[in-house]
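Peer 1: For the first sequence, the tail end lands on 1434 under the working numbering, and the numbers increase by one without skipping.
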Amino acid sequence: MALKLFNTLSRSVQEFMPLAPPKVGMYCCGLTVYDFAHIGNFRTIVFSDLVRRYLEFKNFQVTHVMNITDVEDKIIKRVRELKIPLREFTGKYEAAFREDLKTLNCLEPHHQPRATEHISEIISLIEKLLARGIAYKAADGSVYFSIEKYQGCGCKYGQLQKLNFEGMRMGERVSADEYEKESVADFALWKSRTPDDGDVFWPSPFGEGRPGWHIECSAMSMKVLGESFDLHLGGEDLKFPHHEDEIAQSEGATGKPFVKFWLHGAHLLVEGKKMSKSLGNFFTLRDLLAKGFTGREVRYALLQAHYRESFNFTMDGLTGARAALARIDECVGKLREISGGKTETADVKLLQQFSDALDDDLNISAAWAVVFEWVREMNKRIAENSLSANDATPALAAWEKIDSVLGIGTKSEAEIPPELLALLEARQAARKAKDFKKSDAIRDELKAKGWTIEDTPKGPKLKKL
RNA sequence: GGCGGGGUAGCCAAGUGGUAAGGCAGGGCUCUGCAAAAGCCUCAUUCACCAGUUCGAUUCUGGUCCCCGCCUCCA
970 MALKLFNTLS
980 RSVQEFMPLA
990 PPKVGMYCCG
1000 LTVYDFAHIG
1010 NFRTIVFSDL
1020 VRRYLEFKNF
1030 QVTHVMNITD
1040 VEDKIIKRVR
1050 ELKIPLREFT
1060 GKYEAAFRED
1070 LKTLNCLEPH
1080 HQPRATEHIS
1090 EIISLIEKLL
1100 ARGIAYKAAD
1110 GSVYFSIEKY
1120 QGCGCKYGQL
1130 QKLNFEGMRM
1140 GERVSADEYE
1150 KESVADFALW
1160 KSRTPDDGDV
1170 FWPSPFGEGR
1180 PGWHIECSAM
1190 SMKVLGESFD
1200 LHLGGEDLKF
1210 PHHEDEIAQS
1220 EGATGKPFVK
1230 FWLHGAHLLV
1240 EGKKMSKSLG
1250 NFFTLRDLLA
1260 KGFTGREVRY
1270 ALLQAHYRES
1280 FNFTMDGLTG
1290 ARAALARIDE
1300 CVGKLREISG
1310 GKTETADVKL
1320 LQQFSDALDD
1330 DLNISAAWAV
1340 VFEWVREMNK
1350 RIAENSLSAN
1360 DATPALAAWE
1370 KIDSVLGIGT
1380 KSEAEIPPEL
1390 LALLEARQAA
1400 RKAKDFKKSD
1410 AIRDELKAKG
1420 WTIEDTPKGP
1430 KLKKL
């Protein structure tokens, strides 16, 4: 079966076919590094990671680009308040973000371009737009994109979303620094330097200033992936204006189609409400780790629902994630014990069911159902003692392939300290001697140390709680 | 106001014009000295509400109520 994805451009599910298979160029709108990323950001990031991993599962050769926006109004404001160099400020959050990605087991994008390191590309893109008459320089030195001129070239503005400028509340809150625009819908490509910018400015043929918000993504994506590429993803809020403007800038400059497939991830609610600091339901990954949850639990929780549906992220859901993962861990652990070793021959049927689910516009819920039905089947056969090493090995191989997409891994087996092992043996001895008082005391002692005993037909096992 | 996405068991969440996947929680059982852990089984006569189309609708159409997103920085 072929992979089908919902393309925002066509507003329909289409078979995914890259421009030059098996190569896929994929650009994801990353983070503006002015603070720690929150759980909503991570939903989109984990979604992107899933797309990339699944494309690789389907044997595409993916070039994954994720930008770092490190110059922007909020950043400039904070830098001014803190009186530190821009790079020192953004570097802190960028490093934290990278750490968070690792915690969530997201594959590192092949390229992570920073806006501040692509000023010359941005400038030449703006020059191209000026040369084609689509951009204009305002009296204050800023450069704006003219939607009217763009449309005049036969280009379409409003590809991702039906736009109705009459009905829009466009211009109700035109920011003070943009009053020079010819038309309210126009947007800034280059913002001229103001005293508030401090030392955050670059020289350019249009005067000192800094890039507008949208232009960096056009400049950086085209630099790495070419003027036309396959996939562009981001959160649904970016459809308009950010992505729409990216299309306009890029197609306006090159005259070529910019991106073939646009994918947008829905937002999440937290405890049924829109995330906000005042409601106390605003979480960074660090907040969740501090509550004792692990990165893989958060990743699992974020991968529960279909990417185009808004999803309710809850603490209960996170606790449920822990239980669900334990179920998989148990099963995979038992399969490892039974399995004879590594093999290249994976259980084809299982992989087929799994990929059938994801081929259908990444129906991850259906994919999880396949996984859990498989877990139940394996457990049943293990309990009946009817699963041989010859059965377990290909099943395990299939699971590893599946997990190359899901990326939840397996819980690392904690090393059992020798003194605890001695306690476990002492308990066994006491049990044999029918000294249950003593054996139970040892059990309690182990529990107090954070370990639980699992008495199995094959003998007791120690598990970290 | 314009445009768009939703309302499925206690919670989360798939799905379909032909009678509701999966996960968590709950209940039962197995194992056990007892537990725990683990495993198995079970758990929606019903899909926000009201009409309509249909042999048949949760799925299609119309209306009502509610929630969410974008239109402004935003994942």
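Note that the Cβ used here is the ideal one computed from N, Cα and C, for glycine as well.
Classify D1409: buried if its beta carbon has 16 or more other beta carbons within 10 angstroms, exposed otherwise.
Peer 2: Classification for D1409: exposed.
Peer 1: Measuring from the CB of Q983, is there a heavy atom of the ligand SAM at a distance below 7 Å?
Peer 2: In terms of ligand content, the structure shown is empty, and the ligand SAM therefore cannot be addressed.
Peer 1: Per DSSP, what kind of secondary structure is D1424 in: helix, strand or coil?
Peer 2: D1424: strand per DSSP, three-state reduction.
Peer 1: In three-state terms, what does DSSP make of K1052?
Peer 2: Coil, per DSSP.
Peer 1: Note down, in chain order, each residue of its chain lying with its Cβ closer than 8 Å to the Cβ of Y1119, except the 5 sequence neighbours on either side.
Peer 2: If we look at Y1119 and ignore the five residues flanking it on each side, its Cβ neighbours are I1103, Y1126, A1217, G1221.
Peer 1: Check W1368 in the structure and name its three-state DSSP category.
Peer 2: Three-state DSSP puts W1368 in a helix.
Peer 1: Less than 6 Å between C-beta atoms, sequence neighbours within five positions excluded: which residues of the same chain meet that for A1145?
Peer 2: The predicted position of A1145 is uncertain, since its pLDDT is 45 and thus under 50; a value taken from the coordinates is nonetheless stated next. No residues qualify anywhere along the chain.
Peer 1: Report the option in I1037, F985, C998, T1059 whose CA atom is closest to the CA atom of F1029.
Peer 2: Taking only the C-alpha atoms, the option nearest F1029 is F985.
Peer 1: What's the gap between the Cα of I1088 and the Cα of I1008?
Peer 2: Going from the Cα of I1088 to the Cα of I1008 covers about 30 Å.
Peer 1: G1224 and R1049 look like a contact to me (Cβ under 8 Å); what is the Cβ gap, rounded to whole Å?
Peer 2: The Cβ separation is near 40 Å, so there is no contact.
Peer 1: Going by DSSP, which residues form a beta bridge with A1104?
Peer 2: Paired residue(s): F1114.
Peer 1: So F1066 packs on A1006, CB below 8 Å; how close in whole Å?
Peer 2: At roughly 5 Å, the Cβ-Cβ gap stays under 8 Å, so F1066 and A1006 are in contact.
Peer 1: Quick check: what's the CA-CA separation for V1407 versus A1417?
Peer 2: It should be noted that the sequence gives Lys, not Val, for residue 1407. Whole-angstrom Cα-Cα distance: 15 Å.
Peer 1: Quick one: using the 10 Å Cβ neighbour count with 16 as the cut-off for buried, is D1285 buried or exposed?
Peer 2: D1285 comes out exposed.
Peer 1: Would you identify the three-state DSSP class for G1264, choosing helix, strand or coil?
Peer 2: Helix at G1264.
Peer 1: What residue range does the alpha helix (DSSP H) around D1168 cover?
Peer 2: Counting along the chain, D1168 falls outside any alpha helix (DSSP H), and DSSP gives it neither H nor E.
Peer 1: Smallest Cα separation from C1186: which of T1085, G1241, G1110, D1165?
Peer 2: Checked all of T1085, G1241, G1110, D1165; the closest Cα to C1186 is T1085.
Peer 1: Quick one: any contact between the segment 1230 to 1240 and the segment 1276 to 1292, if contact means 3 or more CB pairs under 8 Å?
Peer 2: Taking 8 Å as the limit for Cβ pairs, the verdict is that the segment 1276 to 1292 does touch the segment 1230 to 1240.
Peer 1: By DSSP's criteria, S1161 is part of a beta bridge. Which residues make up the other side?
Peer 2: DSSP lists G1178 as partners of S1161.
Peer 1: With a threshold of 16 other CB atoms inside 10 Å of the CB of K1430, please say whether the residue is buried or exposed.
Peer 2: Exposed, since its Cβ has fewer than 16 Cβ neighbours within 10 Å.
Peer 1: Just the Cα atoms here: how many angstroms apart are R1142 and E1346?
Peer 2: Unreliable placement is indicated for R1142, whose pLDDT of 43 sits below 50; the coordinate value is still reported in the next sentence. If you take the alpha carbons of R1142 and E1346, they lie about 59 Å apart.
Peer 1: Which residue from L1098, M995, N1359, N1332 puts its Cα closest to that of E1313?
Peer 2: Ranking L1098, M995, N1359, N1332 by Cα distance to E1313 puts N1359 first.
Peer 1: Between the segment 1264 to 1278 and the segment 1009 to 1025, can you find at least three pairs of beta-carbon atoms closer than 8 Å?
Peer 2: Contact holds: three or more Cβ-Cβ distances are below 8 Å.
Peer 1: Quick check on the DSSP output: the alpha helix (DSSP H) that includes L1000 runs from which residue to which?
Peer 2: Note, L1000: premise wrong, no alpha helix (DSSP H); beta strand (DSSP E) at 992 to 1001.
Peer 1: Enumerate, from N- to C-terminal direction, the unbroken beta strand (DSSP E) stretches of 3 or more residues contained entirely within the segment 1260 to 1310.
Peer 2: Complete beta strand (DSSP E) runs here, min 3: 1280 to 1282.
Peer 1: Less than 8 Å between the beta carbons of S1324 and L1365, yes or no?
Peer 2: No; because the gap between Cβ atoms is not below 8 Å, this pair is not in contact.
Peer 1: Do T1362 and G1310 have their CB atoms nearer than 8 Å?
Peer 2: Contact: yes.
Peer 1: Please confirm if the segment 1024 to 1043 is in contact with the segment 991 to 1002, defined as three or more CB-CB distances below 8 Å between the two stretches.
Peer 2: Yes: the two stretches touch, three or more of their Cβ pairs being nearer than 8 Å.
Peer 1: Are the CB atoms of G1376 and N976 nearer to each other than 8 Å?
Peer 2: Going by C-beta atoms, G1376 is not nearer than 8 Å to N976.
Peer 1: Taking DSSP's pairing of strands, which residues face W1231 in a bridge?
Peer 2: Bridge partners of W1231: H1201.
Peer 1: Identify, in the order they occur along the chain, each residue of the same chain with its Cβ nearer than 6 Å to the Cβ of G1140, setting aside the five sequence neighbours on each side.
Peer 2: Low confidence applies to G1140: its pLDDT is 42, below 50, so where it sits in the model is not reliable, and the reading given next is rough at best. Contacts found: V1153.
Peer 1: In terms of DSSP beta bridges, what is M1035 paired with?
Peer 2: Beta-bridge pairing links M1035 to C997.
Peer 1: Please classify R980: is it buried, with 16 or more other beta-carbons within 10 angstroms of its beta-carbon, or exposed?
Peer 2: The residue in question, R980, is exposed, as its Cβ has fewer than 16 Cβ neighbours within 10 Å.
Peer 1: If I measure Cβ to Cβ from D1298 and keep anything under 7 Å in the same chain, skipping five residues before and after, which residues do I get?
Peer 2: Cβ within range, chain order: T1379, K1380.
Peer 1: Taking all protein chains shown into account, decide if H1201 is buried (16 or more other Cβ within 10 angstroms of its Cβ) or exposed.
Peer 2: The residue in question, H1201, is buried, as its Cβ has 16 or more Cβ neighbours within 10 Å.
Peer 1: Going by C-alpha to C-alpha distance, which of F1251, R1255, A1290, E1278 sits closest to R1265?
Peer 2: Comparing Cα-Cα distances from R1265 to each of F1251, R1255, A1290, E1278, the minimum goes to A1290.
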